[in-house]
Amino acid sequence: MFFTGAGISTESGIPDFRSPGGIWTKMAPIDFDDFVRSPELRREAWRRRFAMEETFAAAKPNDGHKAIATLIANGKAGAVITQNIDNLHQDSGVPADRVIELHGNTRHAKCLDCGARHELAPIRAHFEAHGEPPDCKECGGLLKTATISFGQAMPEVEMARAQDATLSCDLFVVLGSSLVVYPAAGFPRVAKRNGARLVVVNREATEQDEIADLVIHAGIGDTMRAAMAAL
Ligand SMILES: [Zn+2]
Numbered sequence: 001m002f003f004t005g006a007g008i009s010t011e012s013g014i015p016d017f018r019s020p021g022g023i024w025t026k027m028a029p030i031d032f033d034d035f036v037r038s039p040e041l042r043r044e045a046w047r048r049r050f051a052m053e054e055t056f057a058a059a060k061p062n063d064g065h066k067a068i069a070t071l072i073a074n075g076k077a078g079a080v081i082t083q084n085i086d087n088l089h090q091d092s093g094v095p096a097d098r099v100i101e102l103h104g105n106t107r108h109a110k111c112l113d114c115g116a117r118h119e120l121a122p123i124r125a126h127f128e129a130h131g132e133p134p135d136c137k138e139c140g141g142l143l144k145t146a147t148i149s150f151g152q153a154m155p156e157v158e159m160a161r162a163q164d165a166t167l168s169c170d171l172f173v174v175l176g177s178s179l180v181v182y183p184a185a186g187f188p189r190v191a192k193r194n195g196a197r198l199v200v201v202n203r204e205a206t207e208q209d210e211i212a213d214l215v216i217h218a219g220i221g222d223t224m225r226a227a228m229a230a231l
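Just so it is clear: in the sequence shown, position 146 is 146 by my numbering, and no numbers are missing.
Following this line, the structure appears as structure tokens:
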């Protein structure tokens, strides 16, 4: 089982929102309740999202993503649990049903009322023409990127799938997460308690290094290229 965080995607040019110098150290994230309550904060959320679009659109999967895709394709790994919202695991060829997204996905939008999926391009076109995001075509509800914001409930289905996947593995490999954001960061501990071996690959020390069987403080691309060459 793989578990990935921001560190795997920084190697594809996507900034780590939480790291020193990251976006959230410069501007506070917009809480879910504020998004629902305030038209102005909804406009601000969409302005910020569209300002990031070129970054997301240009990002390509790197050797870390590709190694996971290969190991899932050949049956060595079951799935990837990710804290990332950038769709790069799917872009690397991992089937969507093998990617467990704990914090959702920012490459499309969802209606908060009926759950209908909406693509971002028409939302952006409407926003740029009218200064407002459109309402849901199906039900008139509010549209938001399909991410989990601060203050928003964790996705129940994904949490249950992540729990099952964690309990069924004998090796749990963390790539690029500092393991400080809960409940996501609880999964490595669950795996370890359940008897799996735990590997942590991250540039900086993490809070769970001390319970890991193997800790590698290095880049993910470099590490996974070496690991794949050795297999
Ligand atoms: Zn709707």
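Ideal Cβ placement from N, Cα and C applies to all residues, glycine included.
- The DSSP-derived three-state label of Leu142 is coil.
- Within the region 70-136, the runs of alpha helix (DSSP H) at least 4 residues long that lie entirely inside it are, in chain order, 88-91 and 120-130.
- Considering only Ala184, Leu171, Thr10 and Arg193, the residue with the shortest C-alpha distance to Phe2 is Leu171.
- Bounds of the beta strand (DSSP E) holding Val173 are Leu171 to Leu175.
- Annotation for Phe50: the continuous alpha helix (DSSP H) segment containing it runs Pro39 to Ala51.
- Thr106 counts as buried, since at least 16 other C-beta atoms from the protein chains shown sit within 10 angstroms of its C-beta.
- Closest in C-alpha terms to Ser38, from the list Lys144, Val174 and Ala229, comes Lys144.
- For Thr223, no beta strand (DSSP E) run applies; the uninterrupted alpha helix (DSSP H) run containing it begins and ends at Ile220 to Ala230, by DSSP.
- Note on Val157: under 16 other CB atoms within 10 angstroms of its CB, so exposed under the neighbour-count rule.
- Remark: C-beta atoms of Phe187 and Ala162 approach each other more closely than 7 Å.
- A contact is defined here as three or more CB-CB pairs under 8 Å, and the region 192-200 meets this definition with respect to the region 210-229.
- According to DSSP, residue pairing for Phe32 in a beta bridge does not occur.
- As computed with DSSP, Arg197 is found in a beta bridge with Leu171.
- Inclusion of His108 and Glu119 in the CB contact set at 7 Å is warranted, their separation being smaller than that value.
- For Val215, the three-state secondary structure derived from DSSP is strand.
- Phe150 counts as exposed, since fewer than 16 other beta carbons sit within 10 angstroms of its beta carbon.
- Annotated as distal: Ala185 and Ala79, with beta-carbon spacing of 7 Å or more.
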